[in-house]
Amino acid sequence: MAEVEEGCELFSAGHRACGGCGPALAARLLLKATGKNVILVASTGCMEVFSTPYPETAWGVPWIHSLFENAAAVASGIEASLKRQGRSEKVVCVCGDGATFDIGVLCISGAFERGHDITYICYDNEAYMNTGIQRSAATPYGASTTTSPAGACSLGNPHPKKDMPGILAAHGAPYVATASIAYPNDFVQKVERAINTPGPCYIQVHTPCCTGWGFESGETLAMAKLAIETGLWVNYEMVNGQVQKAKKVRRKPVEEYLAKQKRFRHLFKPARRDDVIANIQAVADANAERFSIDIKPKESSE
Amino acid sequence: MLEFMEGSHAVAEIVKRCRPQVIAAYPITPQTHIVEDLAQMVANCEIDAEYITVESEFSALSACLGASAAGSRVYSATTSQGLALMFEVCFNAAGMRQPIVMTIANRSLGAPLSIWNDQQDSISLRDSGWLQYYAEDNQEAADLHMIAYRVCEDHDILLPAFVCFDGFILTHTYEPVALPSQEEVDAYLPAFTPYQRLDAEAPLSMGMYATPEYYMEFRYEIDRAMHRSKQAFIKAGREFGEQFGRDYSALVEGYRLEDADTALVAMGSICGTVKDAIDEMREHGRKVGLLKIRTYRPFPAQEIADALKGVSTVAVLDKNISLGNGGAVGTEVKSALYGSGVAVYDYIIALGGRDVRKRDIAAVVDLAEKGKGDMFYGLRTEVL
Chain G
663 MAEVEEGCEL
673 FSAGHRACGG
683 CGPALAARLL
693 LKATGKNVIL
703 VASTGCMEVF
713 STPYPETAWG
723 VPWIHSLFEN
733 AAAVASGIEA
743 SLKRQGRSEK
753 VVCVCGDGAT
763 FDIGVLCISG
773 AFERGHDITY
783 ICYDNEAYMN
793 TGIQRSAATP
803 YGASTTTSPA
813 GACSLGNPHP
823 KKDMPGILAA
833 HGAPYVATAS
843 IAYPNDFVQK
853 VERAINTPGP
863 CYIQVHTPCC
873 TGWGFESGET
883 LAMAKLAIET
893 GLWVNYEMVN
903 GQVQKAKKVR
913 RKPVEEYLAK
923 QKRFRHLFKP
933 ARRDDVIANI
943 QAVADANAER
953 FSIDIKPKES
963 SE
Chain P
13 MLEFMEGSHA
23 VAEIVKRCRP
33 QVIAAYPITP
43 QTHIVEDLAQ
53 MVANCEIDAE
63 YITVESEFSA
73 LSACLGASAA
83 GSRVYSATTS
93 QGLALMFEVC
103 FNAAGMRQPI
113 VMTIANRSLG
123 APLSIWNDQQ
133 DSISLRDSGW
143 LQYYAEDNQE
153 AADLHMIAYR
163 VCEDHDILLP
173 AFVCFDGFIL
183 THTYEPVALP
193 SQEEVDAYLP
203 AFTPYQRLDA
213 EAPLSMGMYA
223 TPEYYMEFRY
233 EIDRAMHRSK
243 QAFIKAGREF
253 GEQFGRDYSA
263 LVEGYRLEDA
273 DTALVAMGSI
283 CGTVKDAIDE
293 MREHGRKVGL
303 LKIRTYRPFP
313 AQEIADALKG
323 VSTVAVLDKN
333 ISLGNGGAVG
343 TEVKSALYGS
353 GVAVYDYIIA
363 LGGRDVRKRD
373 IAAVVDLAEK
383 GKGDMFYGLR
393 TEVL
């Protein structure tokens, strides 16, 4: 953060993201953490499209986009090239959840197994938003999307969210973290730690999408915060595979989070689906158990 | 000095002398000996390169693209299924104007699975924006790599290139090859100077998306660069000849064509067999010649039309099939000769490694002179 001059934004205003876009905020925060000495590698997706319609670009740092699924492989090549040239730029991938959880897994697995000195940021808005809100492996259980629609015989997405941080930690990644745009300083600090940790590091940042999730554009940060407060999103760090720090909360019922989003509306209207809501509460409870996030009586936050 | 060596080894030795800074490759038969040799050279500190042992061909070319964009000379090699897996990256690398050189050890595509030679793999990527050069023998395969780097990295061209040589028939065959020294290669091929690169000192965005207002112009520019590369190849080939004594200034090369009535047209190692067959037919008084296509992309249509001006019959040997429409080379030769009055016949031959002998070439000439063609040659009708 120190490298960036006061008042200087490396991610420019005037891009074409929706009002209230979570990923756009993540991009801005990301560059505050990296400063100028970085090369960004993007995958095809919302952020790529809203930031670089030729001949305009929002990026004040070197940026490359090749394909949907190959950012980690492109980054591998860039890192190798920089190493050979003795250059100091940090190589950072910034890719959506579809590119990360689904179509790009092969390239990511290869890059992490080979131990390239790269940081991979997944901005997780929990579906394929650029193509019109289709389900990805990051879509939470019970969410209605255009390819997992709720219906008379469908509760929405029937599958749990894939544990991508766990998968990458299992590759031996020295630093894996989750973050949320609702906690910008935490996200920035995690990016700083990741880019300064040798080897492949992974950060998954929760970036609510008002268009895809169905909430008012002024509510993006509130929604991100509620995800944390309900235990449906946990901010944690894994160092050499061990969970070291998870943000503690006084948990609210998941219903408070679900009821505010159109993607979960079918759980309340026309009839309440207490069974599905209970299953989602169980996901939050399991998170709380796994990461010990519940603040016990007389214990203060963090 | 000529040295007796395997084709793959000759290519690896030349690639080493071209000084790639990043190599990314995934093993696939019959390309393996090239990438094994290069890995050993890196392990022995004979090449000052990063060697990325990627998890797939898709990542091999993606890594090359990234390294090239960051300012390094890069190299990869593949074939067949591996090239098919790269399909998406191939179009992308050309569109992003990265001067990547990649060897194709030509092999058929499944199904059915076959590890043996034809040219279906690279020809299937004819529309991808990669230059495509085909070698007749191992000397030419080695030499074309130096020429390919010269052409690709020319700031007026900036396109990637396949250097194609036939799997097993050349890759695993020992032939005498003249290997230039490192100093000689350095004198011919200057150090890589990227036109643009990813650099924190001078930030730029690469690989942006284009709306309908811009997309066509990007494609037009690639096509123009393809056409300009003909002159760049001729120049690089001529200068190669001046330095090394082997001239590659021609996009197409005739053999005993001067007074020929019937011309065969072919690419790659089959040309050697065709030349021997022509010599035998000539002894029997038959006026037969060969036109070898060295650069399939850009397609030398005018050069082909000029070279075949005097013949009455043309027989194209196609080691590929555009299923439902005949061979790709034949189709394009017909287009090049449209309106000339020359009778052009196409023969699908030697798919999946089926051997071609001199008598097969003579049989094709017989068929063409009888006006029979546009067919598969050498089918085993008993198994159909």
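Taken in order, these protein sequences are the chains called G and P. Each number in this note's numbering comes from the position in the first sequence (counting from 1) with 662 added on. Each number in this note's numbering comes from the position in the second sequence (counting from 1) with 12 added on. Virtual Cβ for every residue (Gly too), placed ideally from N, Cα, C.
Short CB-CB distance (under 9 Å) between residue i and chain P
{"i": "residue 727 (chain G)", "result": "yes"}
{"i": "residue 946 (chain G)", "result": "no"}
{"i": "residue 743 (chain G)", "result": "yes"}
{"i": "residue 714 (chain G)", "result": "yes"}
{"i": "residue 860 (chain G)", "result": "no"}
{"i": "residue 719 (chain G)", "result": "yes"}
{"i": "residue 933 (chain G)", "result": "no"}
{"i": "residue 735 (chain G)", "result": "yes"}
{"i": "residue 802 (chain G)", "result": "no"}
{"i": "residue 663 (chain G)", "result": "With a pLDDT of 40 at residue 663 (chain G), under the threshold of 50, the predicted position of this residue should be treated as unreliable, though the coordinate-derived value follows. No, its Cβ sits nowhere closer than 9 Å to a Cβ of chain P."}
{"i": "residue 675 (chain G)", "result": "no"}
Contact under 9 Å by Cβ, residue i with residue j
{"i": "residue 147 (chain P)", "j": "residue 103 (chain P)", "result": "no"}
{"i": "residue 889 (chain G)", "j": "residue 816 (chain G)", "result": "no"}
{"i": "residue 135 (chain P)", "j": "residue 340 (chain P)", "result": "yes"}
{"i": "residue 66 (chain P)", "j": "residue 38 (chain P)", "result": "yes"}
{"i": "residue 92 (chain P)", "j": "residue 725 (chain G)", "result": "no"}
{"i": "residue 787 (chain G)", "j": "residue 759 (chain G)", "result": "yes"}
{"i": "residue 965 (chain G)", "j": "residue 871 (chain G)", "result": "Shown here, chain G extends from 663 to 964; a query on residue 965 (chain G) therefore has no answer."}
{"i": "residue 331 (chain P)", "j": "residue 280 (chain P)", "result": "yes"}
{"i": "residue 36 (chain P)", "j": "residue 76 (chain P)", "result": "yes"}
{"i": "residue 829 (chain G)", "j": "residue 692 (chain G)", "result": "no"}
{"i": "residue 84 (chain P)", "j": "residue 772 (chain G)", "result": "no"}
{"i": "residue 822 (chain G)", "j": "residue 836 (chain G)", "result": "no"}
{"i": "residue 407 (chain P)", "j": "residue 34 (chain P)", "result": "The shown model of chain P, from 13 to 396, leaves out residue 407 (chain P), and the question about it has no answer."}
{"i": "residue 387 (chain P)", "j": "residue 396 (chain P)", "result": "no"}
{"i": "residue 46 (chain P)", "j": "residue 117 (chain P)", "result": "yes"}
{"i": "residue 269 (chain P)", "j": "residue 319 (chain P)", "result": "yes"}
{"i": "residue 99 (chain P)", "j": "residue 143 (chain P)", "result": "no"}
Any C-beta of chain G under 9 Å from that of residue i
{"i": "residue 21 (chain P)", "result": "no"}
{"i": "residue 226 (chain P)", "result": "yes"}
{"i": "residue 150 (chain P)", "result": "no"}
{"i": "residue 76 (chain P)", "result": "yes"}
{"i": "residue 189 (chain P)", "result": "no"}
{"i": "residue 60 (chain P)", "result": "yes"}
{"i": "residue 100 (chain P)", "result": "yes"}
{"i": "residue 141 (chain P)", "result": "no"}
{"i": "residue 127 (chain P)", "result": "no"}
{"i": "residue 311 (chain P)", "result": "no"}
As assigned by DSSP and simplified to three states, the class of residue i
{"i": "residue 944 (chain G)", "result": "helix"}
{"i": "residue 859 (chain G)", "result": "coil"}
{"i": "residue 246 (chain P)", "result": "helix"}
{"i": "residue 868 (chain G)", "result": "strand"}
{"i": "residue 88 (chain P)", "result": "strand"}
{"i": "residue 176 (chain P)", "result": "strand"}
{"i": "residue 786 (chain G)", "result": "strand"}
{"i": "residue 711 (chain G)", "result": "helix"}
{"i": "residue 852 (chain G)", "result": "helix"}
{"i": "residue 666 (chain G)", "result": "A caution first: residue 666 (chain G) carries a pLDDT of 45, below 50, which makes its placement in the model unreliable, though a value can still be read off. It is coil, neither helix nor strand."}
{"i": "residue 32 (chain P)", "result": "coil"}
{"i": "residue 232 (chain P)", "result": "helix"}
{"i": "residue 755 (chain G)", "result": "strand"}
{"i": "residue 205 (chain P)", "result": "coil"}
{"i": "residue 190 (chain P)", "result": "strand"}
{"i": "residue 895 (chain G)", "result": "coil"}
{"i": "residue 274 (chain P)", "result": "strand"}
{"i": "residue 17 (chain P)", "result": "strand"}
* Please list the segments of the alpha helix (DSSP H) lying wholly inside the segment 98-156 of chain P, counting only runs of 4 or more residues, in order along the chain. => The segment 98-156 of chain P contains these whole alpha helix (DSSP H) runs: 99-107, 132-135.
* Asked: Is the segment 297-306 of chain P close to the segment 276-283 of chain P, with three or more CB pairs under 8 Å?
  -> These segments touch.
* Asked: On the three-pair Cβ rule with 8 Å, is the segment 848-855 of chain G touching the segment 793-806 of chain G?
  -> No: the two stretches stay apart, fewer than three of their Cβ pairs being nearer than 8 Å.
* **the segment 178-194 of chain P in contact with the segment 116-133 of chain P per 3-pair CB rule at 8 Å** => Enough Cβ pairs lie closer than 8 Å, so yes.
* Asked: Which full runs of the alpha helix (DSSP H) of 4+ residues lie inside the segment 279-366 of chain P, going along the chain?
  -> Along the segment 279-366 of chain P, the alpha helix (DSSP H) occurs as fully enclosed runs of 4 or more residues at 282-295, 313-319, 340-348, listed in sequence order.
* Asked: Within the chosen definition, does the segment 225-234 of chain P reach the segment 258-269 of chain P through at least 3 CB pairs nearer than 8 Å?
  -> Three or more Cβ pairs closer than 8 Å define a contact, and the segment 225-234 of chain P falls short of that threshold against the segment 258-269 of chain P.
* To do: Count the CB pairs spanning the segment 53-60 of chain P and the segment 705-723 of chain G that are closer than 8 Å, and state whether there are at least three.
  => Contact fails: fewer than three Cβ-Cβ distances are below 8 Å.
* the segment 357-374 of chain P touching the segment 319-334 of chain P, judged by at least three CB pairs closer than 8 Å -> Judged by pairs of C-beta atoms under 8 Å, the segment 357-374 of chain P touches the segment 319-334 of chain P, as three or more such pairs exist.
* Residue ranges of each alpha helix (DSSP H) run of no fewer than 4 residues wholly in the segment 671-714 of chain G, ordered along the chain? -> At a cut-off of 4 residues, the continuous stretches assigned as alpha helix (DSSP H) that sit fully inside the segment 671-714 of chain G are 684-696, 708-713.
* Asked: Curious, which full-length alpha helix (DSSP H) runs of at least 4 residues does the segment 791-860 of chain G contain?
  -> Runs of the alpha helix (DSSP H) lying entirely within the segment 791-860 of chain G, each at least 4 residues long, are 826-832, 846-857 in chain order.
* Asked: Contact between the segment 282-291 of chain P and the segment 370-377 of chain P: three or more CB pairs below 8 Å?
  -> Cβ pair count under 8 Å is three or more, so yes.
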